[in-house]
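Mind the numbering: the sequence shown is residues 31 to 467 in our numbering, read in order.
Heads up, the beta-carbon is just placed ideally off N, CA and C, and yes, glycines get one too.
Remember, it's a predicted structure, so these values are computed and weren't measured experimentally.
Here's the structure we're looking at; comments come further down.
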Amino acid sequence: MGQKVQGTEDLYGSHMRAWQRMQDVARELFGAYGFDMIETPALEQVDTFVHGIGESTDVVRKEMFRAFSGALLDGLLAKGSESGLKPRQRMALRPEGTAGVVRAAVENNFVPQGAAPVKLWYAEPMFRGERPQKGRLRQFHQVGVEWLGAPDPASDAECIIMLMEYFKRLGFDPARLTLSINSMGDAACRPAYREKVRSFILDHADEMCEECLERAEVNPLRAFDCKNDYCREVMKGAPLAPENLCDDCAAHYAQVKRYLDAAGVAYAEDSTLVRGLDYYTRTVFEVEVAGSGVGAIGGGGRYDGLMELEGGKPTPGLGFAVGFERIVLALAAQGVELAGEEPSCVYVAGTSADERQAVFVATLSLRQAGIRAEADYQGRSLKSQFKQADKLHALLAVVLGPDEVAAGMATIRDMSTHEQVQVPMAELAEAVVARLS
Ligand code: HAM
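This is how it looks when you write it as structure tokens:
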């Protein structure tokens with residue numbers, strides 16, 4: 031028997047309904063903020079992610095699923111290296127959505143210079159080669175937004191406000207959500223800050239783990255996220271980003287906070303929040319649910335240099351993404367079922383095989399009127415058809431017997447009260463619609 035890959039899930043039933051609900055709520059809310067939907071390919075050239083997410087990030091170094099066609103793989107195995115491959119032959123499954131959307135924006139010129147900002151949202155599977163555990167999958171689903179061409183701190187605040195409203199509409203109790211924010215500076219002030227953190231780590235080399243020493247060289251800010259308690263303890267004394275911002279970044283951060291205050295959005299400033307993707311500049315944020323044990327349910331920030339890294343003109347950008355699987359787990363822990371109720375239907379039953387043709391016609395007429403209608407396809411007895419109707423959450427049953435069919439009538443039965451009425455077959459759909467509403 032075939033088995034799914036570890037860390038992947040089949041989406042069906044209530045899980046699928048929950049995923050659809052996340053998209054419905056996103057479409058409505060993000061639409062009100064002027065966002066349109068986009069879908070980019072799950073398969074991109076490796077360079078799109080290396081340029082955007084950053085060569086030194088865990089996502090690019092360790093977690094990207096690389097993809098090769100069978101024909102290419104033979105050659106690769108023979109050579110023992112991919113060094114002979116052209117850039118377009120090096121592909122990976124997307125580990126996140128931002129790099130691909132920005133690549134698409136550059137390639138399709140979504141934001142010509144001087145044009146109004148472009149606002150896009152997506153709901154897509156992402157792939158990361160992580161060790162599977164609760165809330166950490168290898169194929170997971172994100173709903174995300176990318177807003178390109180807006181440098182104004184109001185856009186940072188609006189993005190965060192929209193994210194918190196999204197969580198509220200999905201059923202979270204806002205009091206249990208923690209929104210952490212930070213500013214990571216920009217090309218003007220971050221290099222000097224990075225260097226300060228690097229020196230700090232090297233000054234404390236004998237107190238920190240091997241990995242942090244390696245990080246000091248490739249990506250010192252990631253040391254703030256080290257899992258080792260002793261490294262975390264040392265990093266408590268490290269220089270903090272907000273104290274090392276240039277004037278422009280400091281003013282931007284202060285203004286974002288003023289907007290959030292004005293909107294009544296509660297936040298905690300976390301000066302050690304650095305995020306795992308290299309493209310961020312200035313504002314970064316993350317949301318956790320107290321006591322859920324699933325880590326961040328969403329995060330994002332500004333990435334003013336990313337369009338250039340992907341080969342475009344300088345264009346500011348920002349966005350966020352939330353994780354579907356973690357949201358379902360965190361909501362379930364609060365007793366909230368994201369999926370909602372199973373869909374109901376109208377069941378068309380025939381008293382014997384002789385009524386099959388009439389059942390066929392009646393079922394089609396209901397579906398034409400937009401009603402979810404079901405019937406028997408296995409030659410069941412009337413009793414079993416009613417049982418099946420209950421299983422399918424039928425609100426009404428349409429019962430067709432020889433007398434009804436001969437008279438051009440149909441019986442509509444209310445499945446909970448068992449009340450019955452007869453209506454002319456020609457008015458069936460209309461009568462059912464009236465009863466359902
Ligand atoms: P991220 O923080 O890497 O950001 O991922 C966003 C969310 O995806 C996380 O908060 C988490 O809920 C979910 N997630 C991440 N990895 C996994 C996993 N292995 N299993 C289950 N859920 C996971 C980004 O991806 C950025 N692209 C967000 C962004 C958009 N920044 C700007 N624009």
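- In this structure, Val352 has its CB closer than 8 Å to one or more heavy atoms of ligand 1.
- With a threshold of 16 other beta carbon atoms within 10 Å, Tyr223 meets it and is buried.
- In the three-state scheme derived from DSSP, where H, G and I count as helix and E and B as strand, Glu176 is classed as strand.
- DSSP places Asp66 within a strand segment (E or B) once states are collapsed to three.
- Inclusion of Ala284 and Ala268 in the CB contact set at 9 Å is not warranted, their separation being larger than that value.
- Within 8 Å of the C-beta of Leu167 there is at least one heavy atom belonging to ligand 1.
- In the three-state DSSP reduction, Gly159 falls in the coil class, being neither helix nor strand.
- Secondary structure of Phe140 (DSSP, three-state): coil.
- Listed in chain order, the non-local C-beta contacts of Val173 below 6 Å within the same chain comprise Met52, Ala56, Ala153, Val352, local neighbours out to five positions each way being set aside.
- Short note on Met156: C-beta closer than 8 Å to some heavy atom of ligand 1.
- The DSSP-derived three-state label of Tyr407 is coil.
- Straight through space, the alpha carbons of Lys164 and Ala218 are spaced by roughly 39 Å.
- Spanning the alpha carbons of Val324 and Gln364 requires a straight line of approximately 13 Å.
- At a cut-off of 8 Å, the beta-carbon of Ala326 counts as near ligand 1: some heavy atom of the ligand is closer than that.
- Distance from the CA atom of Lys417 to the CA atom of Gly329, rounded to whole angstroms, is 47 Å.
- Separation of the CB atoms of Gly331 and Thr313 is rounded to 5 Å, and the pair is thereby assigned contact status at 8 Å.
- Rounded to the nearest whole angstrom, the CA to CA distance from Gly105 to Gln50 is 42 Å.
- Contact between the segment 82–97 and the segment 32–42 is absent: fewer than 3 CB-CB pairs across the two stretches fall below 8 Å.
- The residue from Asp308, Leu368, His234, Thr208 with its alpha-carbon nearest to that of Cys261 is His234.
- In its chain, beyond the 5 residues on either side, Gly380 have a beta carbon closer than 8 Å to the beta carbon of Arg386.
- With contacts defined as CB atoms closer than 9 Å, Ala72 and Arg96 fail to qualify as a contacting pair.
- In the pairwise beta carbon analysis, the segment 225–240 is classified as not touching the segment 343–363: fewer than three pairs are separated by under 8 Å.
- The criterion of a C-beta distance shorter than 9 Å is satisfied by Pro181 and Asp334.
- Take the alpha-carbon of Pro162 and the one of Leu243: they are about 27 Å apart.
- At least one heavy atom of ligand 1 sits closer than 8 Å to the Cβ of Phe170.
- Set against 8 Å, the gap from the CB of Gly349 to the closest heavy atom of ligand 1 is smaller.
- C-alpha of Leu107 to C-alpha of Gln119: approximately 15 Å in a straight line.
- Per the C-alpha coordinates, the member of Val317, Val132, Thr345 positioned closest to Ile357 is Val317.
- From the listed residues Met455, Thr345, Val132, the smallest Cα separation to Gly144 is found for Thr345.
- Rounded to whole angstroms, the separation of the alpha carbons of Lys287 and Thr128 is 24 Å.
- By the Cβ neighbour-count rule, Lys92 is exposed, with fewer than 16 other Cβ atoms within 10 Å of its own.
- Between the segment 430–439 and the segment 450–461, the count of Cβ pairs shorter than 8 Å is three or higher; the stretches touch.
- For Ser395, the closest of Arg47, Val463, Glu126, Ala280 by C-alpha to C-alpha distance is Val463.
- The straight-line gap separating the alpha-carbon atoms of Leu348 and Leu178 is approximately 7 Å.
- Within the segment 41–93, complete beta strand (DSSP E) segments of at least 3 residues are found at 73–75, given in chain order.
- For Ser213, the enclosing beta strand (DSSP E) covers residues 207–213.
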